[in-house]
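**Student:** Numbering (this note's numbering), first residue to last: -19 to 92. What follows is a structure written as structure tokens; I'll ask about it next.
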Amino acid sequence: MYHNWIPNSDPEIKASMLRSIGKNIDELFADIPEPIRLKKNLNVGFGKPLSEYEVLRLVDRILSKNKVFRDPPPFIGGGICASHTPSIVRLLSLRGEVYTAYTPYQPEINQG
-19 MYHNWIPNSD PEIKASMLRS IGKNIDELFA DIPEPIRLKK NLNVGFGKPL SEYEVLRLVD
41 RILSKNKVFR DPPPFIGGGI CASHTPSIVR LLSLRGEVYT AYTPYQPEIN QG
């Protein structure tokens, strides 16, 4: 049964992986005692891959159930607006060609 988050659940990919290591599944997991092997598919996920933002919201919702005993009092600072910046934005903002117009000095080009 194919699963979006478990790439080796696709039979074609699994067969390719097993050809690479030259064994079958039973030989691969022979070190694990038979009585403790999981025999059923895990029911994980939400039926579709989640975006980074959806995962963050899910984790925040789960973590919001934790009791926090050291929250700062509400009168300290003004807080911040809830916003989400995808991680790719940080990566792109660190690239020099994005935040500066500087080009390396090349005298042969600049002097004509």
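Positions of the beta carbon are idealized from the N, C-alpha and C atoms, including for glycine. Every value quoted in this text rests on a predicted model; they were computed, and no experiment measured them.
1) How about Leu72 and Val78: do their beta carbons lie closer than 7 Å?
2) Mapping the DSSP letters down to three states, classify Tyr82 as helix, strand or coil.
3) Within its chain, find whatever has a CB closer than 8 Å to the CB of Leu30; leave out the 5 residues flanking it on each side and keep chain order.
4) Quick check on the DSSP output: what are the complete alpha helix (DSSP H) runs of length 4 or more inside the stretch -12 to 22, in order along the chain?
5) Determine the extent of the alpha helix (DSSP H) in which Leu72 is found, giving its start and end residues.
6) Output the distance between the C-alpha atoms of His64 and Ile42, rounded to the nearest integer angstrom.
7) Measuring straight from C-alpha to C-alpha, what distance separates Asp40 and Asn46?
**Tutor:** So, from the data block:
1) Annotated as proximal: Leu72 and Val78, with beta-carbon spacing under 7 Å.
2) Assigned with DSSP and collapsed to three states, Tyr82 falls in coil, not helix or strand.
3) Correct list, in chain order: Leu38.
4) Listed in chain order, the complete alpha helix (DSSP H) runs (minimum 4 residues) inside the stretch -12 to 22 are -9 to 1 and 5 to 8.
5) Note, Leu72: alpha helix (DSSP H), Ser67 to Ser73.
6) Rounded to the nearest angstrom, the two C-alpha atoms are 18 Å apart.
7) Taking the straight line from one Cα to the other gives about 10 Å.
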